[in-house]
Amino acid sequence: MSRKSYTIDRRQFVAGAAGTAVIASGLGGFPHIAKAAAPIKIGVISPVTGFLGFSGSQCRFGAVTAIEEINAGGGIKSLGGAKLEALLADAQSKAEIGAAEVEKLNEAGVAAIAGSYSSGISLATTQAAAKYGIPHCVDVGVNDKIVGRGLDNTFRFGPGFGVITKLGVERLIDINNAAGKPTKSVVIVHENTTPFGSYMAGLMRKGLEPAGFEVMEVLPHPTPNKDFKNIALKIKELNPDLVIPSHYYNEGVLFLRTLQRQRVAPKAIYSVLGGASSQYRFLSEFPEAAQYVMDSNHWYNPKNPKALALRKRTEAAGKHYSYEVFLAYTAVRFIADGIERAGSADRGKIIQALASSTWDGHFMPYGPTKIVNGQNMAAQSLNMQIQGKEIEVVAPAEYMTKKAVFPRPA
Amino acid sequence: MSEQTRIAGWTVLLALLVLAPLAITSGRWIEFMELTLFVAVLGQGWNILGGFGGQYSFGHALFFGTGAYIQALLQFKLGWSPWATLWFAIAGGVLVGAFVGYLSFRYGLRGSYFALITLAFAEAFHVLSRSLVAVTEGGRGVALDLNLDPDRALTTFQFNFGGDFLKAYGFYYTILVILMLAYAATWWMEHTRFGAQLVAVRENEDAAEALGIDAFRVKLGAICLSAAITAAAGVYYTQKFLFIDPGIAYGPTKSVEALFAPIIGGLGTVLGPLVGALFLHGLGEFAKETIGLVWEDRPGLDLILFGVVLILVLAFLPRGLVGLLDLAWRRLSGAAPAARKGKADA
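Going down the list, the sequences are from chains A and B.
According to this note's numbering, numbering within the first sequence proceeds without interruption in unit steps and concludes at 410.
According to this note's numbering, numbering within the second sequence proceeds without interruption in unit steps and concludes at 346.
What follows is the structure in structure tokens.
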């Protein structure tokens, strides 16, 4: 765990000291106003080392950016402009280390925690935080069990598996129907090492078959996986209309590139929580393999200027604007809104404020938050498609930036 | 070091560990101790087979994962009490150990071949746990129901939401009891004919057999004991975190953690895994804190420092830290150098 601090040079110090002296002398009769509010510590747990290191670093960037922006905007106003202080913790891609970091953050006096990227780590950290009544907002983990265990300290601002998959199936059916039902046969390819891919495959199958799709095969693979040639050839042999992949970023890239190299060209590739399918990094590195790939995933409201400003800031920092960045960013913003409304850094009061949150000052396509058992019921995924050099939102209509190209051009 | 001195040392160490919560009220340091003792248990499991028996395993996650999964699945699928399932979990670990041991030792696999076969079995179980979805829940993992009722903390073996004492120290004492049993078993083994035979097999299997030792039976006994201890660590993990998936259970992390502690601490010594675990975790924490003070927000630098120190220990302390402590003790007490009993004498 380390503290994120902001250094000042000698000139800034002298100028600041002089300014402070002037203000302090003017406000001598109101010492309670002149006194700086104590910073409020926010724990940020991300797996920045280990096999989840890339995603964890993206999460950390998003969370720290949110804290910097809140501080630059005057801090927590209901607490006299109290600044937020980020206490950064590395879960090292292990659940037990994540839980141990919670113990440290508790003793460091955090008011709340944001994190911890994966479902497995988040299950451990939310449970450990619950021991001390620390409000914990899960940034990315989509396992529905995280918020379904009766822990009143645990919140998730984004959508879970159930909602994402349900919407993914419904929108696929809508898109297919609108295009005159060009796809019927389906192959699902999913990673089966972590809860994420396995849940997704099961739920997709359950949703697609009653809708008239024929699921020809479900092809699991481990994570990490270094070779998709066999799976690509199997798909080529089955020749489905539609391929539905679900894996983490590296496997997502490799899978889509292998399909391209093996000239496997289904009518559509439609992923749900595709690791690479709506990632600017993938688009910039492999634009040809990425064309017309569709994805139902976490996404921001593309018409919201705040979302576009964060994208600009992220790219200026040399990073890709991935879902980890904006989910971690909004998780911290959600917590900050709770602290603002609670008017206190007391953990219990923050939990109460978060549980009754109707926050709508965010840039996600959710509308005002509605928390039920810790889950934001208003959260939803969007459907994206890579078209040219941009990731376009193709559903729902409210957030659409381009119409879906379905089936994709031969 | 005389037997009396060793016993006195052990008694003091044990008393310190039992009484530690009186001095350590910080949740952070209790958690640190818990993780350290957990790795020490994993390490002792590995040490019995690798340190005393000379059979280096690269796949001890096999036994850890089996214990963890059985503990989780019998509760999750059949609703059994965790106090009943733990015996099946340990027995399951022993059975898997006996199976792997029988196949490996029956066909005379030694050295790197044995290491590779254990690695292969761990990977095979990793694949099976992902693929047998109906039994293991596959990649989704098994998340046990959380008990939030403090009155049921003991019966559900879930101490995180128990009363003040259970919440703070319940799992510390759980892993301490497992550690004490594991170390008592190792102590017993070291002082029995079985232990002597195991060391003889390690030093020269052909010569041991020529003396009438049934090397196959001795190695099979060692792998079963080793598996039982490692599976018990799996039981602790499941009850503490209430979630297990194929990556946690059978991934390479636990196999590596299990062999590092005894190698650093001292192979073939009772105390080695505990000393190694304390050193590794202490060094990890120290590296994290000091690097954090100098370079903020530089994840991974602490791991580099950790790696460098590790290499130095491996290069300059072939008998591990226990060997170093032993040497220091002899210098201080003016005793003559000891005849080699284990890989290091302690």
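Note that CB positions come from ideal geometry on N, CA and C, so glycine has one too.
Note that this is a predicted model, so its numbers are computed, not measured.
Using the Cβ count rule (16 or more neighbours within 10 Å means buried), how would you classify residue i?
i, result
"B:Ile-7", "exposed"
"A:Phe-58", "Correcting the residue type first, residue 58 of chain A is Gln in the shown sequence and not Phe. So A:Gln-58 ends up on the buried side."
"A:Ser-78", "exposed"
"A:Ala-232", "buried"
"A:Met-377", "exposed"
"A:Pro-476", "Any property of residue 476 of chain A remains undetermined from this structure, which presents chain A solely from 1 to 410."
"B:Gly-108", "exposed"
"A:Lys-104", "buried"
"B:Ile-70", "buried"
"B:Leu-128", "exposed"
"A:Gly-29", "For A:Gly-29, the predicted structure reports a pLDDT of 41, less than 50, and the residue's modelled location is therefore unreliable. A value from the coordinates is still provided. It counts as exposed."
"A:Phe-406", "buried"
"B:Leu-93", "Before going further, note that residue 93 of chain B is Gly rather than Leu in the sequence given. B:Gly-93 comes out buried."
"B:Ile-311", "exposed"
"A:Gly-81", "exposed"
"A:Pro-287", "exposed"
"B:Ile-304", "exposed"
"B:Leu-62", "buried"
"A:Gly-343", "exposed"
"A:Lys-206", "exposed"
Below 8 Å CB to CB, which residues in the same chain sit around residue i once its five sequence neighbours on both sides are set aside?
i, result
"A:Ala-108", "Met-1, Lys-41, Gly-43 and Leu-87"
"B:Ile-90", "Gly-67, Ala-228, Ala-231, Ala-232 and Val-235"
"B:Leu-132", "Gly-138"
"A:Val-64", "Lys-4, Val-44, Ala-86 and Leu-88"
By Cβ distance, which residues of its chain are closer than 6 Å to residue i, with the 5 residues on each side in sequence left out?
i, result
"A:Ser-198", "Asn-192"
"A:Pro-159", "Ala-379, Gln-380 and Ser-381"
"A:Ala-21", "A caution first: A:Ala-21 carries a pLDDT of 42, below 50, which makes its placement in the model too unreliable to give a value."
"A:Thr-330", "Phe-157, His-362 and Met-364"
"A:Phe-161", "Val-142, Asp-144 and Tyr-199"
"A:Ala-128", "Ala-99 and Val-102"
"A:Asp-337", "Trp-359"
"A:Thr-314", "Tyr-321 and Val-325"
For residue i, report the span of its alpha helix (DSSP H) as first-last.
i, result
"B:Ala-258", "252-265"
"A:Ser-93", "Segment: none, A:Ser-93 is in no alpha helix (DSSP H) and carries neither H nor E."
"B:Asp-302", "301-316"
"A:Thr-194", "Per DSSP, A:Thr-194 belongs to no alpha helix (DSSP H) and is neither H nor E."
"A:Arg-156", "Looking at the DSSP string, A:Arg-156 is not in any alpha helix (DSSP H); the run it does join, the beta strand (DSSP E), is 154-156."
"A:Val-64", "53-72"
"B:Gly-195", "193-203"
"A:Asn-250", "249-261"
"A:Asp-295", "From DSSP, A:Asp-295 is part of no alpha helix (DSSP H) but of the beta strand (DSSP E) over 294-297."
"B:Gly-92", "82-106"
What is the residue span of the beta strand (DSSP E) that residue i lies within?
i, result
"B:Thr-238", "Per DSSP, B:Thr-238 belongs to no beta strand (DSSP E); it is in the alpha helix (DSSP H), 215-241."
"A:Ala-395", "390-395"
"A:Ile-164", "Where A:Ile-164 is concerned, there is no enclosing beta strand (DSSP E), although the alpha helix (DSSP H) it sits in stretches over 161-178."
"A:Leu-382", "382-387"
"A:Val-215", "214-221"
"A:Gly-115", "112-115"
"B:His-126", "From DSSP, B:His-126 is part of no beta strand (DSSP E) but of the alpha helix (DSSP H) over 111-131."
"A:Leu-273", "Where A:Leu-273 is concerned, there is no enclosing beta strand (DSSP E), given that its DSSP letter is neither H nor E."
Which residue's Cα is closest to the Cα of residue i: the options?
i, options, result
"A:Lys-166", "A:Asn-297, A:Tyr-117 and A:Ile-351", "A:Asn-297"
"B:Ala-98", "B:Val-309, B:Arg-217 and B:Phe-306", "B:Arg-217"
"B:Pro-262", "B:Phe-159, B:Leu-37 and B:Phe-286", "B:Leu-37"
"A:Lys-234", "A:Asp-241, A:Leu-219, A:Ala-112 and A:Met-200", "A:Leu-219"
"A:Ala-265", "A:Ser-278, A:Phe-282 and A:Leu-238", "A:Leu-238"
"A:Asp-139", "A:Ala-353, A:Lys-181, A:Thr-154 and A:Arg-149", "A:Thr-154"
"A:Val-186", "A:Pro-245, A:Gln-279 and A:Ser-357", "A:Pro-245"
"B:Val-18", "B:Val-313, B:Tyr-173 and B:Tyr-113", "B:Tyr-173"
"B:Thr-136", "B:Leu-22, B:Gly-65 and B:Thr-11", "B:Gly-65"
"A:Ala-201", "A:Ile-175, A:Val-169 and A:Glu-324", "A:Val-169"
"B:Glu-205", "B:Thr-192, B:Arg-193 and B:Lys-219", "B:Lys-219"
"A:Ser-277", "A:Leu-203, A:His-136, A:His-221 and A:Leu-254", "A:Leu-254"
"B:Ser-226", "B:Ile-30, B:Ser-26, B:Gly-59 and B:Leu-35", "B:Gly-59"
Once the 5 residues before and after residue i are set aside, which same chain residues still bring their CB inside 7 Å of it?
i, result
"A:Leu-98", "Inspection of the sequence shows that residue 98 of chain A is occupied by Gly rather than by Leu. These residues qualify, in order along the chain: Ile-45, Ala-91, Ser-116, Ile-121, Ala-124 and Thr-125."
"A:Ser-119", "Gly-141, Val-142, Asn-143, Ile-146, Pro-195 and Phe-196"
Within 9 Å of chain A by C-beta, residues of the stretch 23-54 of chain B in sequence order = Ser-26, Gly-27, Arg-28, Trp-29, Ile-30, Glu-31, Phe-32, Glu-34, Leu-35 and Phe-38
Using a beta-carbon distance cut-off of less than 7 Å, what residues from the stretch 101-133 of chain A approach chain B?
-> Glu-103, Lys-104, Asn-106, Glu-107, Gly-120, Leu-123, Ala-124, Gln-127 and Lys-131
For the stretch 253-265 of chain B, which residues have a beta carbon sitting closer than 8 Å to at least one beta carbon of chain A?
-> Thr-253
Which residues, in order along the stretch 298-311 of chain B, keep a beta-carbon less than 9 Å from a beta-carbon of chain A?
-> Arg-298, Pro-299, Gly-300, Asp-302 and Leu-303
Residues in the stretch 146-175 of chain B with C-beta within 8 Å of chain A's C-beta atoms, listed in sequence order?
-> Leu-146, Leu-148, Asn-160, Phe-161 and Lys-167
What residues in the stretch 133-151 of chain A bring their beta carbon closer than 8 Å to a beta carbon of chain B?
-> Asn-143, Lys-145, Arg-149, Gly-150 and Leu-151
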